[in-house]
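Novice: The sequence shown begins at 1 in full-length UniProt numbering and counts up one residue at a time.
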Amino acid sequence: MTTSLLRKAFKATLATKTPVLHARFGGSRFQSAAAAVAQAAPDAADNDVRPFETLKEVISPKTYQALVGEPMKLRNMTAVQTSVLSRLPEISEPHNPSSPVVRDFLVRAKTGTGKTLAFLIPAIEAREKAIKQAGKQALLDSGLMSDDGLERRARRKYSRETVGVLILSPTRELATQIAKEASRLLHHHDGIEVRLITGGVNKRLQMRDWMKGNRDVVVATTGRLRDLMASEPEVLKSIRTAQTFILDEADTMLDMGFRDDIHAIQEELPPSPTRQTLLFSATVSPVIRQVATTVLARDHKIIDCVKSDDSPVHAHVPQYHTVLPSAASQLPHIMRLIAHDQLTNPKSKIILFLPTAKMTQLFSVVVRKLAKELFPTKTNVYEIHSKCVMQSRIRASDMFREDRSPASILVTSDISARGVDYPGVTRVIQVGVPATTEQYIHRIGRTGRTGGVIGRGDLVLLPWEIGFITWQLTEVPIKPVTAGEITHQLEELAKQVDSEPRSRPHIQTPYTPRLSELESAPLELMSSFDADAIRETFLAMLGYYTPKSPELRVQRGVIFEGCKDWTVQACGLETPPYLNPGFLDKLGLGESQKRKPTRSYSSSGRPHWEGRGSRSTKGFQNDRSKSYSSGYDSEKRGNSWSRDSGSSSRFRDTNENGNSSSWSRSRDNNENRGNWSRDRDDSRGKSWSRGNEYGERTSRYDGNRREYKPRTGNW
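1. Put Leu362 into one of helix, strand or coil per three-state DSSP.
2. Assuming Asp104 and Gln276 form a contact by the criterion Cβ under 8 Å, report the distance between their Cβ atoms to the nearest whole angstrom.
3. Should Thr567 and Pro581 be called a contact, given that it needs their Cβ atoms to be closer than 9 Å?
4. With DSSP as the reference, identify every bridge partner of His321, one or two as the case may be.
5. If Thr470 sits next to Arg456, beta carbons under 8 Å apart, how far is it from one beta carbon to the other, in whole angstroms?
6. In the DSSP assignment, the beta strand (DSSP E) including Val558 goes from what residue to what residue?
7. Under a Cβ-count criterion, where at least 16 other Cβ atoms within 10 Å of its own Cβ denotes burial, should Arg75 be classed as buried or exposed?
8. Is Ala109 helix, strand or coil by DSSP?
9. Quick check on the DSSP output: the alpha helix (DSSP H) that includes Gln472 runs from which residue to which?
10. I'd like the list of long-range same chain contacts for Asn345, defined as Cβ closer than 7 Å, with 5 residues on each side in sequence excluded.
11. Check whether the region 134 to 148 and the region 185 to 198 are in contact - that is, three or more C-beta pairs closer than 8 Å.
12. Thinking C-beta only, is Ala521 closer than 9 Å to Pro510?
13. For Leu296, collect the residues of the same chain with a Cβ closer than 6 Å to its Cβ; drop the 5 residues on either side in sequence, then sort them by chain order.
14. Excluding five sequence neighbours on each side, which residues of the same chain lie with their C-beta closer than 8 Å to the C-beta of Glu181?
15. Identify, in the order they occur along the chain, each residue of the same chain with its Cβ nearer than 7 Å to the Cβ of Cys358, setting aside the five sequence neighbours on each side.
16. What's the C-alpha gap between Met72 and Met390?
17. Within the chosen definition, does the region 154 to 169 reach the region 215 to 225 through at least 3 CB pairs nearer than 8 Å?
18. Quick one: complete beta strand (DSSP E) runs, 3+ long, within the region 415 to 445?
19. Taking C-alpha atoms, which residue in Asn380, Gln430, Ala250, Met399 lies nearest to Pro406?
20. For a test of the three-state rule: what should DSSP assign to Pro501, helix, strand or coil?
21. Using three-state DSSP, classify Arg637 as helix, strand or coil.
22. Helix or strand or just coil, what does DSSP make of Cys400?
23. Taking C-alpha atoms, which residue in Leu459, Pro97, Arg184 lies nearest to Gln65?
24. Between Ala35 and Leu354, what straight-line distance do the alpha-carbon atoms span, to the nearest angstrom?
25. According to DSSP, which residues form a beta bridge with Tyr382?
26. Following the continuous alpha helix (DSSP H) through Ser83, name the residue where it begins and the one where it ends.
27. Considering only the alpha carbon of each residue, which of Glu475, Pro94, Leu542, Pro100 lies closest to Arg298?
28. Less than 8 Å between the CB atoms is what I'm expecting for Ile415 and Ser392, so what's the real figure, rounded?
29. Looking only at C-alpha atoms, which of Gln361, Asp403, Pro332 sits nearest to Ala483?
30. How is the alpha helix (DSSP H) around Lys136 delimited, first residue to last?
31. From the DSSP output, which residues share a beta bridge with Ser281?
32. Nearest to Lys212 by alpha carbon, out of Asp227, Tyr544, Glu234?
33. Please classify His263: is it buried, with 16 or more other beta-carbons within 10 angstroms of its beta-carbon, or exposed?
34. Counting only runs of 3+ residues fully inside the region 202 to 255, write out the beta strand (DSSP E) ranges in chain order.
35. Measuring straight from C-alpha to C-alpha, what distance separates Thr322 and Ile429?
36. Which same chain residues end up closer than 8 Å to Met145 when comparing Cβ atoms and leaving out the 5 residues on each side of it in sequence?
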């Protein structure tokens, strides 16, 4: 059967339920939360199944072998794969001015629907054809009919000096995931290689690989790529030859403030339509359309793979919120939620989200230390945030994704909120207010993805954070549940498991006697931590929450007092950390603290929000006899700025992803301006704390290991 007949047969099979193809896309200015939530879940309801075998005659045999054989062993395509790959082989051909074939596309597709293969397959096919053409051109230039050696050398030279495919990703984790998928697809291709360029990796090592290897498929984050383009002429020279440009998670990159970076990189590439461009996004907002107009060819088409009747994630993921009576209940309630999930699910897999990297560090230590004593079963705890070195983040991500144990927990910041697949997640616990409503929805989407598991979402708020529920989650069907109700449910589950121990052999029974420890053990552990560690987390909380005053509909002074109470009630400090008036003025809190507090801190004059939760909490006795230390990888990045009402202040770690209500920008988003990198790799481990800005002394420590030391004396 000829290729044309096969193409006709393949297209005929798409007549029933193909995604809609629009010449232009119309819509409202901004998507609602109900629409945005759809981007976090796979299109499980789509019945449009097409086998990969239909591509046998239109793609390279080596690519086909990797798809249906080792290492992928795939059978059927998803809707987005069908809609894009049905246009092969035309879209993988080089630009031909006389051909009417459209090669540039804006594809609207949900995350987790297989779009990575949808853009990798045509891009790799185009690269393979370009390499072969380079060999043929060398023969023509030499006037020879055939010369295998000359053709082979020409192909190798072309692969080493030019870039075939440039893929931009918003995060390092997603970029790494794309690079791994590309490597699997190239399993049987000899000489076609993948280069990964992200922050968090030594630039010297990246340049060594760049100079030694081929540059066929380049997967990069915008910050590190711009840095290398500005500082390394060889990188810029090769990038200028890229024939295929792919923007993955384009809406996320724009949300993170990378529009200028995208424009700067695009300016160095060959112009359209000589360059092929594929833009993938979960939404098609006016901003996305503006970017599409800039980077895509004038005759580009939009492929909409999101059906209008698709049910969003919040339609099938149960969601609950708990407003705690005080900060003292925060850690005990989180421990109960984890135990509740482990007693409910034989394969418990939890993602615990924190708003800042400092809080993620602190809580990961707490969860890891308490896991053995308090949880019903042996629990693997993983940690991902911006202060982990890249290798550590990749290792933790891979291990959590592949974890098949009875219980595992990923303690993470918003780095893991979008793009990365974690199958089988049974519960998402969000501590504190997310950066935006959309970010809350993306986090919830982690439990509505691949793996056939529809889990549960829990949002844990302090009393002064209740405005997020009242004003920001108005379109999300989230139900209230009190801390007392969770306690009662956990007690009933424990009794049931204790009465039938053989039904859950991995549970360490009897578990009921250990329930009382969930109340006291967290504060005992927190009370043993170094006061400086608590203070750094407190500063991060202030930097993150202060600009959110309008969103929460509370005054900044209320947020400030709430954060101070957290250090005493949840962390066991005797007095809240002192901040000098100058620093408070920068936060707009100059009148909140005029003098240093006395050593005997008392909350007898209770804030107005105390007791608004579900139950009262018992007093705790600080036990400082125990000492805990925890090492974690730290790059001491993440400096950020927060501005509100004309004032500016600098924090070491305010917001993990740079999304705050007023304006904030995180250095850990791989975002670079000019010829400098925000992910410095030199002098790693020589970070220092800018304590003097906050009225304290400057302290140096090893940035690759932070010790939580027991406090001594009165701080």
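Glycine is no exception: its CB is placed at the ideal position from the N, C-alpha and C atoms. Fair warning: this is a prediction, and the values are worked out from it, not measured in the lab.
Specialist: Taking the coordinates as given:
1. Taking the sequence shown and counting its residues from 1, the one referred to as residue 362 is at position 362. Looking at Leu362 - three-state DSSP - the assignment turns out to be helix.
2. Against the sequence shown, residue 104 aligns to sequence position 104. Against the sequence shown, residue 276 aligns to sequence position 276. At roughly 6 Å, the Cβ-Cβ gap stays under 8 Å, so Asp104 and Gln276 are in contact.
3. In the sequence shown, the residue the question calls residue 567 occupies position 567. In the sequence shown, the residue the question calls residue 581 occupies position 581. For Thr567 and Pro581, no; Cβs fall outside 9 Å.
4. Position 321 of the sequence shown, counted from the first residue, corresponds to residue 321. Partner(s): Leu459, Pro480.
5. Residue mapping note: residue 470 aligns to position 470 of the sequence shown, counting from 1. Residue mapping note: residue 456 aligns to position 456 of the sequence shown, counting from 1. Not really, about 22 Å apart at Cβ, beyond 8 Å.
6. Numbered from its first residue, the sequence shown carries residue 558 at position 558. Where Val558 is concerned, there is no enclosing beta strand (DSSP E), although the alpha helix (DSSP H) it sits in stretches over 556 to 569.
7. Start at 1 with the first residue of the sequence shown, and residue 75 comes out as number 75. That one is exposed.
8. As a first step, residue 109 must be located in the sequence shown, where it is residue number 109. Three-state DSSP puts Ala109 in coil, outside helix and strand.
9. Locating residue 472 in the sequence shown gives position 472, where the first residue counts as 1. No alpha helix (DSSP H) holds Gln472; DSSP gives it neither H nor E.
10. Stepping through the sequence shown from its first residue, residue 345 is reached at position 345. If we look at Asn345 and ignore the five residues flanking it on each side, its Cβ neighbours are Thr426.
11. no
12. Walking along the sequence shown from the start, residue 510 turns up at place 510. Walking along the sequence shown from the start, residue 521 turns up at place 521. Cβ atoms of Pro510 and Ala521: not closer than 9 Å.
13. Here residue 296 corresponds to residue number 296 of the sequence shown, with the count starting at 1. The answer, listed in chain order, is Asp104, Thr277.
14. Taking the first residue of the sequence shown as 1, we reach residue 181 at position 181. So the list reads Thr116, Leu117, Leu120, once near-sequence residues are dropped.
15. The count along the sequence shown starts at 1 and reaches residue 358 at position 358. Checking the sequence shown, residue 358 turns out to be Lys, not Cys. If we look at Lys358 and ignore the five residues flanking it on each side, its Cβ neighbours are Glu536, Thr537, Ala540, Asp653.
16. Start at 1 with the first residue of the sequence shown, and residue 72 comes out as number 72. Start at 1 with the first residue of the sequence shown, and residue 390 comes out as number 390. Going from the Cα of Met72 to the Cα of Met390 covers about 26 Å.
17. yes
18. 427 to 431
19. Here residue 406 refers to the residue found at position 406 when the sequence shown is read from its first residue. The candidate whose alpha carbon is nearest that of Pro406 is Asn380.
20. What you label residue 501 is simply residue 501 of the sequence shown in a count that begins at 1. Here Pro501 sits in helix by DSSP.
21. The residue labelled residue 637 in the question sits at position 637 within the sequence shown. Caution is warranted here: a pLDDT of 37 is assigned to Arg637, below 50, making its placement in the model unreliable, and the coordinate value is therefore given only provisionally. Coil at Arg637, not helix or strand.
22. Mapped onto the sequence shown, residue 400 falls at position 400. Inspection of the sequence shows that residue 400 is occupied by Phe rather than by Cys. Phe400: helix per DSSP, three-state reduction.
23. Start at 1 with the first residue of the sequence shown, and residue 65 comes out as number 65. Residue Arg184 is the option with its Cα nearest to Gln65.
24. Locating residue 35 in the sequence shown gives position 35, where the first residue counts as 1. Locating residue 354 in the sequence shown gives position 354, where the first residue counts as 1. Its pLDDT being 37, under 50, Ala35 is placed unreliably in this model, and the coordinates cannot settle the point.
25. The sequence position of residue 382 within the sequence shown is 382, counting from 1. The partner list for Tyr382 (beta bridge, DSSP) reads Leu410.
26. In the sequence shown, the residue the question calls residue 83 occupies position 83. Looking at the DSSP string, the run of the alpha helix (DSSP H) that includes Ser83 is 79 to 85.
27. Your numbering for residue 298 matches position 298 in the sequence shown. The shortest Cα separation from Arg298 among Glu475, Pro94, Leu542, Pro100 belongs to Pro100.
28. As a working note, residue 415 is residue 415 in the sequence shown. As a working note, residue 392 is residue 392 in the sequence shown. Actually they are not in contact, since the Cβ atoms of Ile415 and Ser392 sit about 12 Å apart, beyond 8 Å.
29. One-based indexing of the sequence shown puts residue 483 at position 483. Comparing Cα positions, the closest option is Pro332.
30. As a first step, residue 136 must be located in the sequence shown, where it is residue number 136. Here the alpha helix (DSSP H) through Lys136 covers 115 to 142.
31. As a position in the sequence shown, residue 281 is number 281, starting the count at 1. Note: Ser281 sits in a beta bridge opposite Arg108.
32. By one-based count along the sequence shown, residue 212 stands at place 212. Ranking Asp227, Tyr544, Glu234 by Cα distance to Lys212 puts Glu234 first.
33. Locating residue 263 in the sequence shown gives position 263, counting from the first residue. His263 comes out exposed.
34. 217 to 221, 244 to 247
35. Counted from its first residue, the sequence shown places residue 322 at position 322. Counted from its first residue, the sequence shown places residue 429 at position 429. The alpha-carbon atoms of Thr322 and Ile429 are separated by roughly 11 Å.
36. What you label residue 145 is simply residue 145 of the sequence shown in a count that begins at 1. Taken in chain order, the residues that qualify are Leu139.
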